[in-house]
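Asker: I am attaching a structure below and will ask some questions about it afterwards.
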Amino acid sequence: GPWRHRAHCLAEMGQMDAALADARQCLALTPQDASSHALLARLLVQAGHMETAAQAFVQAQALAPEDEGLAAMALDAWLLVPGREAEAVALAVQMASRWPMSQAQARKVLRVVTLTDEGAARAQQFWQGVLACPHPPDWAWSGYAEHLLALGRWEEATVHAMAWMQAAPDASAPQETLARLLTARGDF
-9 GPWRHRAHCL AEMGQMDAAL ADARQCLALT PQDASSHALL ARLLVQAGHM ETAAQAFVQA
51 QALAPEDEGL AAMALDAWLL VPGREAEAVA LAVQMASRWP MSQAQARKVL RVVTLTDEGA
111 ARAQQFWQGV LACPHPPDWA WSGYAEHLLA LGRWEEATVH AMAWMQAAPD ASAPQETLAR
171 LLTARGDF
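Numbering-wise (my numbering), the sequence shown opens with residue -9 and increments by one.
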């Protein structure tokens, strides 16, 4: 509608306060429309209001749960909000259970969460959530093993790699990961 179009135009002209007001008016008129929430969220990102933007993306995604793009935008916004790593990890795990998560997305999540005081716990939560998905990708298996290795948790890393070998007996990647772990530990 006209509010949506005008909000876009105002944002392009750098009039963010007016653009946000129009986006909010659009949302007031169409509160059940995911694209209205997404419009407000994108404008909030442009204005530098990341936490509010992330919340708006989450509302948009709740209205359009099959929209992977909205979920990815919400994840990106949460990753930019200091102190909200738990929300980022929870959303990342939720996304991984619904859609194939790319290794690049996983690295982005881990890069942010490992910088926090609770980094190791958040990373552990992320890996366990991704590996609990019906068909976790190979990079998740190897990434978790490498994560455990980096923490000096050799035994757990080895047990994890062996479990991966059992889950994918014909694949060479689990064997290569186990060999790398044993070599790093000095057992090979």
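We treat Cβ as the ideally placed atom computed from N, Cα and C, and that holds for glycine.
Indicate the three-state DSSP secondary structure (helix, strand or coil) for Gly73 in the structure shown.
Answerer: By one-based count along the sequence shown, residue 73 stands at place 83. It is coil, neither helix nor strand.
Asker: Leaving out five residues on either side along the sequence, give the residues of the same chain with a beta carbon under 8 Å from the beta carbon of Thr104.
Answerer: Taking the sequence shown and counting its residues from 1, the one referred to as residue 104 is at position 114. Ala110, Arg112 and Ala113, listed in sequence order.
Asker: Going by DSSP, what residue range makes up the alpha helix (DSSP H) through Arg143?
Answerer: Within the sequence shown, residue 143 is the residue found at index 153, counting from 1. Unbroken run through Arg143: none, as it is neither H nor E.
Asker: Should Ala64 and Val48 be called a contact, given that it needs their Cβ atoms to be closer than 7 Å?
Answerer: Counted from its first residue, the sequence shown places residue 64 at position 74. Counted from its first residue, the sequence shown places residue 48 at position 58. Taking 7 Å as the Cβ cut-off, Ala64 and Val48 qualify as a contacting pair.
Asker: For the putative contact between Trp68 and Ala78, defined by C-beta atoms under 8 Å, what is the C-beta separation to the nearest angstrom?
Answerer: By 1-based counting over the sequence shown, the position of residue 68 is 78. By 1-based counting over the sequence shown, the position of residue 78 is 88. About 4 Å; that satisfies the 8 Å criterion.
Asker: Express the C-alpha separation of Ala9 and Cys(-1) in angstroms, rounding to a whole number.
Answerer: As a working note, residue -1 is residue 9 in the sequence shown. As a working note, residue 9 is residue 19 in the sequence shown. One C-alpha to the other measures close to 8 Å.
Asker: To which residues of the same chain is Leu115 closer than 6 Å at the C-beta, ignoring the five residues directly before and after it?
Answerer: Your numbering for residue 115 matches position 125 in the sequence shown. Here the sequence assigns Gln to residue 115, which means Leu is not the residue at that position. If we look at Gln115 and ignore the five residues flanking it on each side, its Cβ neighbours are Val79.
Asker: On the criterion of 16 or more Cβ atoms from any shown chain inside 10 Å, does Asp160 qualify as buried, or is it exposed?
Answerer: Within the sequence shown, residue 160 is the residue found at index 170, counting from 1. Counting Cβ neighbours within 10 Å, Asp160 comes out exposed, since fewer than 16 surround it.
Asker: Please state whether DSSP places Arg150 in a helix, a strand or coil.
Answerer: The residue labelled residue 150 in the question sits at position 160 within the sequence shown. First, the residue type needs correcting, since residue 150 is His and not Arg in the sequence shown. Helix at His150.
Asker: Would you mind working out which of Gln95, Asp107 and Pro124 sits nearest Ala133, comparing C-alpha positions?
Answerer: For this step, residue 133 is matched to residue 143 along the sequence shown. Here residue 133 is Gly; the residue named in the question, Ala, does not match the sequence. The candidate whose alpha carbon is nearest that of Gly133 is Gln95.
Asker: On the DSSP letters alone, give me the boundaries of the alpha helix (DSSP H) that Cys(-1) sits inside.
Answerer: What you label residue -1 is simply residue 9 of the sequence shown in a count that begins at 1. Note, Cys(-1): alpha helix (DSSP H), Pro(-8) to Glu2.
Asker: Return the first residue and the last residue of the alpha helix (DSSP H) that Cys123 is part of.
Answerer: As a first step, residue 123 must be located in the sequence shown, where it is residue number 133. Premise fails: Cys123 is in no alpha helix (DSSP H) and is neither H nor E.
Asker: Where does Asp12 land, buried or exposed, given buried means 16+ other C-beta within 10 angstroms?
Answerer: As a working note, residue 12 is residue 22 in the sequence shown. Flag for Asp12 reads buried.
Asker: Between the Cα of Glu136 and the Cα atoms of Arg32, Pro127, Thr148 and Thr42, which residue gives the shortest distance?
Answerer: As a working note, residue 136 is residue 146 in the sequence shown. Answer by Cα proximity: Thr148.
Asker: Have a look at Trp144, Met155, Pro127 and His125 and flag the residue whose alpha-carbon is nearest the alpha-carbon of Pro164.
Answerer: Residue mapping note: residue 164 aligns to position 174 of the sequence shown, counting from 1. Among Trp144, Met155, Pro127 and His125, the Cα nearest to that of Pro164 is on Met155.
Asker: What residue from Pro21, Leu34, Pro55 and Trp129 has the CA that sits closest to Asp7's CA?
Answerer: Counting from 1 along the sequence shown, the entry for residue 7 is found at position 17. Checked all of Pro21, Leu34, Pro55 and Trp129; the closest Cα to Asp7 is Leu34.
Asker: Comparing C-alpha positions only, which one of Gly59, Lys98 and Pro127 sits nearest to Pro90?
Answerer: If you number the sequence shown from 1, residue 90 lands on position 100. It is Pro127 whose Cα lies nearest to the Cα of Pro90.
Asker: For the alpha helix (DSSP H) containing Ser26, list its first residue and its last residue.
Answerer: One-based indexing of the sequence shown puts residue 26 at position 36. Unbroken alpha helix (DSSP H) run through Ser26: Ala24 to Gln36.
Asker: Going by DSSP in three states, Met179 sits in which element: helix, strand or coil?
Answerer: Outside the displayed span of the chain (-9 to 178) sits residue 179, for which this structure offers no information.
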